[in-house]
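Engineer: The numbering used here puts the first residue of the sequence shown at 1, with every later residue one more than the last. In this text, a Cβ means the ideal position worked out from N, Cα and C, and glycines have one as well.
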Amino acid sequence: MKAIECLKYGEVENLVLSNVKKPTAKANEVLIKIHATSVTTSDVLIRRMNEPFIPKLILQLIFGFGRPRNPVLGMVTAGVVERKGKDVTLFEIGDEVFAYGSISPTKRRFGSYAEYICLPEDWNLALKPVNLSFEEAAAIPYGGLLASHLLKKTSINKDDKILIYGASGSIGTLAIQLAKHMDAHVTSVCSGRNFELVTSLGSDKLIDYTIENAEKQLETYKYVIDTVGNSKSSTLKEQSKKALTSNGKYISIDHGTPLTPKEAFLNLKSLVEQEKIIPVIDSIYPLEKMAEAHKYVEMGHKRGNVVITI
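(1) Could you check where the beta strand (DSSP E) with I225 kicks off and where it finishes?
(2) Enumerate in chain order the residues of its own chain whose CB-to-CB distance from P68 is below 6 Å, with the five nearest sequence positions on each side excluded.
(3) Using only alpha-carbon positions, find the residue among V12, E292, I281 and G85 that is nearest to V198.
(4) Out of I4, N70 and V80, which one is the CA nearest neighbour of V16?
(5) What are the partner residues of G79, as DSSP defines its beta bridges?
(6) Could you please give me the residues that DSSP links to Y285 through a beta bridge?
(7) Given the structure, does A139 come close to the ligand NAP, in the sense that its CB is under 7 Å from one of the ligand's heavy atoms?
(8) By Cβ distance, which residues of its chain are closer than 6 Å to G85, with the 5 residues on each side in sequence left out?
(9) Going straight from the alpha carbon of T173 to that of L201, what length do you get?
(10) With a 10 Å radius around its C-beta and 16 neighbouring C-beta atoms as the bar for buried, classify P129 as buried or exposed.
(11) Does DSSP put P55 in a helix, in a strand, or in coil?
(12) Would you say Q274 reaches chain D, if we count a Cβ-Cβ gap shorter than 8 Å as a contact?
(13) For E5, write down the residues that DSSP places opposite it in a beta bridge.
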């Protein structure tokens, strides 16, 4: 089968289109013919592997030294069940599904930068929402699960003020929608060019982090949710960490290992089917243009998700 392999850590040129062995489903697994996947910020972080020494050492302990242990990256899948193992009961051949290749910090599987992938039936795998295309379905799991992880650390009551830093990215666009579903009053931080997008998702107030003295627009918030983490900072971000009510809380995507439980995954599916949340797609590339897609995501200005068709 065709796949994109990361031959070693570093630049996008290390992402190479290859022919690799098609996987075989184990007894409790399904073989999925992938129609779409996505390039996430985490994918770029793993491919580059240019973190400071200690974080880099930890990452390479997890993913492999010099090159990824599994050279086929990607954890988001949308496709069709082609075969199933003898013990599989939840899915049938021909089912349209979507998935995220992590169910816990110790159970994760890469490999969606390819034509096929095998996943256990009891992982974050479900029938694709009927109201989404494969491309749209591929824009839900990563941002949705990480946004869910951040918001699970809150106890939002109706009209609580929250600020979302990095509101126009894959995590931020779903964090806005999930927070509005919880009846929060949402202030979104992003560049002015993305104001129309985040407003359409439900944002109540907007702050353009690119303008001078943007921090003067801050109010006080029950929660400040940082979807970007240490990869980006600004005076506004540093000031926002202090713009809290007396019982307020700053929550960063870099605080601890994100949890991706199946209940959160199935909740996203339900909310999508009810049209309570929608996917946001910036651009779509074919598998053969994976290096270009990575280069674009690495620039740090994508809106929502970058999707790959296979």
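Structural biologist: From the atom records:
(1) Working through the sequence shown from its first residue, we reach residue 225 at position 225. Taken as a continuous stretch (DSSP letters only), the beta strand (DSSP E) holding I225 covers Y221 to D226.
(2) To locate residue 68, count along the sequence shown from 1; it is residue 68. If we look at P68 and ignore the five residues flanking it on each side, its Cβ neighbours are C6.
(3) Taking the sequence shown and counting its residues from 1, one reaches residue 198 at position 198. If we check each option's Cα against that of V198, I281 comes out closest.
(4) Taking the first residue of the sequence shown as position 1, residue 16 is located at position 16. For the residues I4, N70 and V80, the minimum Cα distance to V16 belongs to I4.
(5) By 1-based counting over the sequence shown, the position of residue 79 is 79. Checking the DSSP bridge columns, you'll see G79 partnered with I34 and V97.
(6) Your numbering for residue 285 matches position 285 in the sequence shown. Residue pairing by DSSP places Y285 opposite I308 in a beta bridge.
(7) Because no ligand of any kind appears in the structure shown, any question about the ligand NAP cannot be addressed here.
(8) Mapped onto the sequence shown, residue 85 falls at position 85. Here the set comprises A25, K26, A27, N28 and E29.
(9) Your numbering for residue 173 matches position 173 in the sequence shown. Your numbering for residue 201 matches position 201 in the sequence shown. Counting only the Cα atoms, L201 lies some 7 Å from T173.
(10) Locating residue 129 in the sequence shown gives position 129, where the first residue counts as 1. It counts as buried.
(11) What you label residue 55 is simply residue 55 of the sequence shown in a count that begins at 1. Three-state DSSP puts P55 in a helix.
(12) This model lacks chain D altogether, as it is built from one protein chain only.
(13) Here residue 5 refers to the residue found at position 5 when the sequence shown is read from its first residue. DSSP, once it has assigned bridges, lists V16 as partnering E5.
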